[in-house]
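Here the structure is laid out as structure tokens; the discussion comes afterwards.
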Amino acid sequence: GAVVSQHPSRVICKSGTSVKIECRSLDFQATTMFWYRQFPKQSLMLMATSNEGSKATYEQGVEKDKFLINHASLTLSTLTVTSAHPEDSSFYICSVATGGVNQPQHFGDGTRLSIL
Amino acid sequence: GQQLNQSPQSMFIQEGEDVSMNCTSSSIFNTWLWYKQDPGEGPVLLIALYKAGELTSNGRLTAQFGITRKDSFLNISASIPSDVGIYFCAGQLRPWFGTGTRLTIIP
Numbered sequence: 001g002a003v004v005s006q007h008p009s010r011v012i013c014k015s016g017t018s019v020k021i022e023c024r025s026l027d028f029q030a031t032t033m034f035w036y037r038q039f040p041k042q043s044l045m046l047m048a049t050s051n052e053g054s055k056a057t058y059e060q061g062v063e064k065d066k067f068l069i070n071h072a073s074l075t076l077s078t079l080t081v082t083s084a085h086p087e088d089s090s091f092y093i094c095s096v097a098t099g100g101v102n103q104p105q106h107f108g109d110g111t112r113l114s115i116l
Numbered sequence: 117g118q119q120l121n122q123s124p125q126s127m128f129i130q131e132g133e134d135v136s137m138n139c140t141s142s143s144i145f146n147t148w149l150w151y152k153q154d155p156g157e158g159p160v161l162l163i164a165l166y167k168a169g170e171l172t173s174n175g176r177l178t179a180q181f182g183i184t185r186k187d188s189f190l191n192i193s194a195s196i197p198s199d200v201g202i203y204f205c206a207g208q209l210r211p212w213f214g215t216g217t218r219l220t221i222i223p
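Spelled out as structure tokens, the structure:
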């Protein structure tokens, strides 16, 4: 399966700052990546589908101006949490789809974001 | 969105016991996946199912794709301490995840 690297693994910052999270597909050219958010003791919630060379597709209720996604190459997608607030504190996870919609995703190790 | 309900929400078992959990959906899926998530890490794929009725094993893990295509089951035999974690099912029409089953092994 694909090897997915996420960076940073943990970030703590002040309220109002913007935070960029990187998701890299190390051994697979990914036209599609997914971004999830996971609150403590809850399941993964899909935030958006990142499409290489085009705009991301956001799930209902996810603010696209708040969570900026850029998928400029086949190996890198970035999620920027703009003007982060304490309620944005969460575990953010990306995944790579290695085939069609019926193929398994491979996940990064996640980024723990804490906003003070 | 899709609703994937997992049961039970949590389990407390002794080492060596067998474990059964299931996932039900309000919609039909063409693929069922089972993942395990350790604390502070991303989910890791355990088993993928692609055909209704399919029964697939991966070591001590066995999963089945329900005939109705609206449910799936995961069994773990002879549990060991490293089985501790959260187990998620996922349907793959979109990458939707179940509510999770938290497995704890009592010493």
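If you're matching them up, the sequences are chains A and B in order.
The first sequence begins at 1 in our numbering and counts up by one.
The second sequence begins at 117 in our numbering and counts up by one.
Virtual Cβ for every residue (Gly too), placed ideally from N, Cα, C.
Here the structure is a predicted model, which is why all the values come from computation and not from measurement.
Item                                                                                                                                                                                        : Value
Would the beta-carbon of Tyr151 of chain B be found less than 8 angstroms away from any heavy atom of the ligand ZN?                                                                        : Summarising the ligand content, the structure contains no ligands, and the ligand ZN is consequently not present.
I want to verify the contact list: residues of chain A whose CB lies under 8 angstroms from the CB of Trp212 of chain B, in sequence order.                                                 : Leu46
Is DSSP giving Glu22 of chain A helix, strand or coil here?                                                                                                                                 : strand
So which residues of chain A does Thr215 of chain B contact, with C-beta pairs closer than 7 angstroms?                                                                                     : Ser43
Do three or more CB pairs link the stretch 160–178 of chain B to the stretch 209–223 of chain B at distances below 8 angstroms?                                                             : no
Between the alpha carbons of Gly175 of chain B and Gly201 of chain B, how many angstroms are there, rounded?                                                                                : 17 angstroms
Provide the residue(s) that pair with Asn146 of chain B in DSSP beta bridges, ordered along the chain.                                                                                      : Bridge partners of Asn146 of chain B: none, in fact.
By the three-class DSSP mapping on this structure, what secondary structure does Ser198 of chain B have?                                                                                    : helix
Does DSSP classify Asp88 of chain A as helix, strand or coil?                                                                                                                               : helix
Go through its chain and collect everything with a Cβ distance to Gly214 of chain B's Cβ below 6 angstroms, but skip five positions before and after it.                                    : Leu120, Gln122, Cys139, Phe204 and Cys205
For Phe181 of chain B, list the residues DSSP reports as bridge partners.                                                                                                                   : B:Ser188
Pick helix, strand or coil for Ala2 of chain A, following the three-state DSSP scheme.                                                                                                      : coil
Spatial neighbours of Phe67 of chain A within its chain, please: C-beta separation below 8 angstroms, excluding the five flanking residues on both sides.                                   : Trp35, Met47, Ala48, Tyr58, Leu79, Thr80, Val81 and Thr82
Between Pro197 of chain B and Glu131 of chain B, which are expected to be in contact by the criterion C-beta below 8 angstroms, what is the C-beta distance as a whole number of angstroms? : 6 angstroms
For my contact list, Ile93 of chain A and Gly158 of chain B are in at a C-beta cut-off of 8 angstroms; report their separation, rounded to the angstrom.                                    : 5 angstroms
In this structure, does DSSP put Ala30 of chain A in helix, strand or coil?                                                                                                                 : coil
Mind checking who His106 of chain A pairs with in its DSSP beta bridge?                                                                                                                     : A:Val96
Reducing DSSP to helix, strand and coil, say where Gln153 of chain B ends up.                                                                                                               : strand
Does Gly156 of chain B have its Cβ less than 9 angstroms from a Cβ in chain A?                                                                                                              : yes
Along the chain, where does the beta strand (DSSP E) containing Phe128 of chain B start, and where does it finish?                                                                          : Ser126 to Gln130
Give me whichever residues DSSP pairs with Ser73 of chain A in a beta bridge.                                                                                                               : A:Leu76
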